[in-house]
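Chemist: Each residue of the sequence shown is one higher than the last, beginning at 15 in the working numbering. Beta carbons: idealized from backbone N, C-alpha and C, even for Gly. Below you will find the structure I want to go over with you.
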Amino acid sequence: MLNPNTRILITGCGGMLGDAVYKTFNPICTVRATDIDLNEKWLSSLDVRDTEALEKSIQEFKPQYLFHLAALTDVEYCETHPDEAFTTNTIAVDNAAELCRKYDATMVYISTAGIFDGRQDSYTDYDLPRPLSVYAQAKYAGEVFLQQFLQPRYFIFRAGWMMGGGPKKDKKFVNKVIKQLKAGKKELFVVDDKLGTPTYTNNFAENMRAVIDADAYGLYNMVCDGSCSRLDVSREMIKILGLEQKIKITKVDSSHWQKEYFAPRPPSEKLIDWRLHAKGLHRMRDWKECLREYLTEYDWGI
Ligand SMILES: NC(=O)c1ccc[n+]([C@@H]2O[C@H](COP(=O)([O-])OP(=O)(O)OC[C@H]3O[C@@H](n4cnc5c(N)ncnc54)[C@H](OP(=O)(O)O)[C@@H]3O)[C@@H](O)[C@H]2O)c1
């Protein structure tokens, strides 16, 4: 049971998910939050590629849990820098897992819906991944290693299209649309041939807490209820922001954005949270409700 004496070391905590994870776990446990990008006063410096530094941090802080959030998450950057992608997203995970075993800490790893090839409509926790991009290959290699090496005491949580972190930290679709609006764009060109399941960071962190609290080890798909296309997300955003009369959304296919988003992506990365449901640990909410909550939580300056 998580309590104030539970010690959690978090890597990559300065990112969009780290923000929610910190806010969820810091009030109930003893947390040391780290990142290479020190964008908050509660962060201390730790580069996960530096295994000696990670070991030193574990020796000093003596965590019961290592929440390993650190990753290179720009899919195009990973595609053009595969060595860096594998060093950060796989080898550092491998080394962290070894340290968890050595110091008896439970590892928590965040994986992605992007590890599937999209030939199926949707994927349960038990479907076989076939990653297409370098990012997805590197993340999946981390999953496989953890499962082999830390069996049975690990947690792997697979997220979908992440929404969270606000204007400062959100690097993904919601903030990309917001940035276009802020730049004065009156027409948005959005793809309808990419399907997925949005995942609200605050809701994801709450569900992580429920699963970890229950000591229900293993791998979980963990995405919001409902699924959609990118086009659906943009339409919902414009509706929530009350901009329907001002902004036109034009439906395009992925070839429209091929130059900017050249890394291969599955046509569908829709996940089904089977295991969470089966174990009575499902706390994920409807994606539209979460999107509304997320957009109203911040001043986006539009
Ligand atoms: N965003 C999504 O849609 C999504 C979906 C599924 C799974 N995930 C996974 O969720 C986890 C959290 O990602 P996120 O969405 O919060 O992305 P994020 O905002 O990019 O956060 C990742 C954090 O890790 C940091 N980092 C990168 N290299 C590092 C290193 N060598 N040592 C320590 N920290 C390092 C990043 O710093 P920089 O910003 O300086 O790179 C960033 O602050 C990742 O494991 C990611 O693969 C994300």
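In terms of residue numbering, what span does the alpha helix (DSSP H) encompassing Met121 cover?
Modeler: Not the alpha helix (DSSP H): Met121 falls in the beta strand (DSSP E), residues Thr120 to Thr126.
Chemist: Does Glu157 pass the burial test, meaning 16 or more other C-beta atoms within 10 Å, or should it be called exposed?
Modeler: It counts as buried.
Chemist: Does the beta-carbon distance from Phe218 to Leu31 come in below 8 Å?
Modeler: Yes, they are a contact pair.
Chemist: Quick one: residues in its chain with C-beta nearer than 6 Å to the C-beta of Arg144, no 5 flanking neighbours on either side, listed in chain order?
Modeler: So the list reads Asp131, once near-sequence residues are dropped.
Chemist: Would you check whether ligand 1 has a heavy atom nearer than 7 Å to the C-beta of Val62?
Modeler: Yes; taking the cut-off as 7 Å, the Cβ of Val62 has a heavy atom of ligand 1 nearer than that.
Chemist: Heavy atom of ligand 1 less than 7 Å from the Cβ of Thr126, yes or no?
Modeler: Yes.
Chemist: Report all residues from its chain with a CB closer than 6 Å to the CB of Leu290; omit the five preceding and five following residues, and keep chain order.
Modeler: Correct list, in chain order: Tyr234 and His296.
Chemist: Would you mind working out which of Leu202, Asp141 and Gln272 sits nearest Glu258, comparing C-alpha positions?
Modeler: Of Leu202, Asp141 and Gln272, the residue nearest in Cα terms is Leu202.
Chemist: Is DSSP giving Pro166 helix, strand or coil here?
Modeler: It is coil, neither helix nor strand.
Chemist: Check the C-beta distance from Leu146 over to Arg279 and give it rounded, since I have them as a contact under 8 Å.
Modeler: Between Arg279 and Leu146 the Cβ distance is about 7 Å, and since that is below 8 Å, they are a contact.
Chemist: Quick check on Met177: does DSSP put it in helix, strand or coil?
Modeler: Met177: strand per DSSP, three-state reduction.
Chemist: At a cut-off of 7 Å, is Lys186 close to ligand 1 when judged by its beta-carbon and the heavy atoms of the ligand?
Modeler: Yes.
Chemist: Check for me: the alpha helix (DSSP H) holding Gly32 runs from which residue to which?
Modeler: From DSSP, the alpha helix (DSSP H) with Gly32 extends over Met30 to Phe39.
Chemist: Ile316: buried (16+ other C-beta within 10 angstroms of its C-beta) or exposed?
Modeler: Its Cβ having fewer than 16 others within 10 Å, Ile316 is exposed.
Chemist: Taking the C-alpha atoms as reference points, what is the distance between Pro181 and Lys37?
Modeler: So the two alpha carbons sit approximately 17 Å from each other.
Chemist: Rounded to a whole number of angstroms, what is the C-alpha to C-alpha distance between Val35 and Cys92?
Modeler: Whole-angstrom Cα-Cα distance: 24 Å.
Chemist: If you measure between the beta carbons of Cys304 and Tyr168, is that distance less than 8 Å?
Modeler: Contact: no.
Chemist: On the three-state DSSP scale, how would you describe Leu283?
Modeler: Residue identity differs from the one stated: residue 283 is Glu in this sequence, not Leu. Glu283 falls in the coil class under three-state DSSP.
Chemist: Over what stretch of residues does the beta strand (DSSP E) that includes Ala47 continue unbroken?
Modeler: From DSSP, the beta strand (DSSP E) with Ala47 extends over Thr44 to Asp49.
Chemist: Thinking C-beta only, is Asp206 closer than 8 Å to Leu245?
Modeler: Yes, the pair counts as a contact, with Cβ atoms nearer than the cut-off.
Chemist: Hey, how far is the Cα of His95 from the Cα of Ala152?
Modeler: Going by the C-alpha atoms only, they are around 12 Å apart.
Chemist: Please identify the residue among Val247, Glu220, Asp139 and Met15 whose C-alpha is closest to the C-alpha of Ser126.
Modeler: The sequence shown places Thr at residue 126, not Ser. Among Val247, Glu220, Asp139 and Met15, the Cα nearest to that of Thr126 is on Asp139.
Chemist: For the beta strand (DSSP E) that contains Lys262, what are its first and last residues?
Modeler: It spans Lys262 to Val266 - the beta strand (DSSP E) in which Lys262 sits, taken as one unbroken run.
Chemist: Considering just the uninterrupted stretch of the beta strand (DSSP E) at Phe81, what are its terminal residues?
Modeler: That run of the beta strand (DSSP E) goes Tyr79 to His82.
Chemist: CB Gly179 to CB Asp33, shorter than 8 Å?
Modeler: A contact, by the Cβ cut-off of 8 Å.
Chemist: What does DSSP give as the partner residue(s) for Arg249 in the beta ladder?
Modeler: Partner(s): none; Arg249 has no beta bridge.
Chemist: Taking its Cβ as the centre, do 16 or more other Cβ atoms sit within 10 Å of Phe276, making it buried, or is it exposed?
Modeler: It counts as exposed.
Chemist: Just the C-alpha distance for Lys262 and Ser269, rounded to the nearest angstrom, thanks.
Modeler: When rounded, the distance between both Cα atoms is 20 Å.
Chemist: Inspect the beta-carbon positions of Leu68 and Leu60 and report whether they are closer than 8 Å.
Modeler: The answer is yes: Cβ separation under 8 Å.
Chemist: Using a threshold of 8 Å, state whether the C-beta atoms of Tyr149 and Ala99 are closer than that.
Modeler: Yes, the pair counts as a contact, with Cβ atoms nearer than the cut-off.
Chemist: In this structure, how does DSSP classify Leu257 when only helix, strand and coil are distinguished?
Modeler: Three-state DSSP puts Leu257 in coil, outside helix and strand.
Chemist: Within this structure, are the beta carbons of Val107 and Leu80 separated by less than 8 Å?
Modeler: Their beta carbons are not under 8 Å apart, which means Val107 does not touch Leu80 by this criterion.
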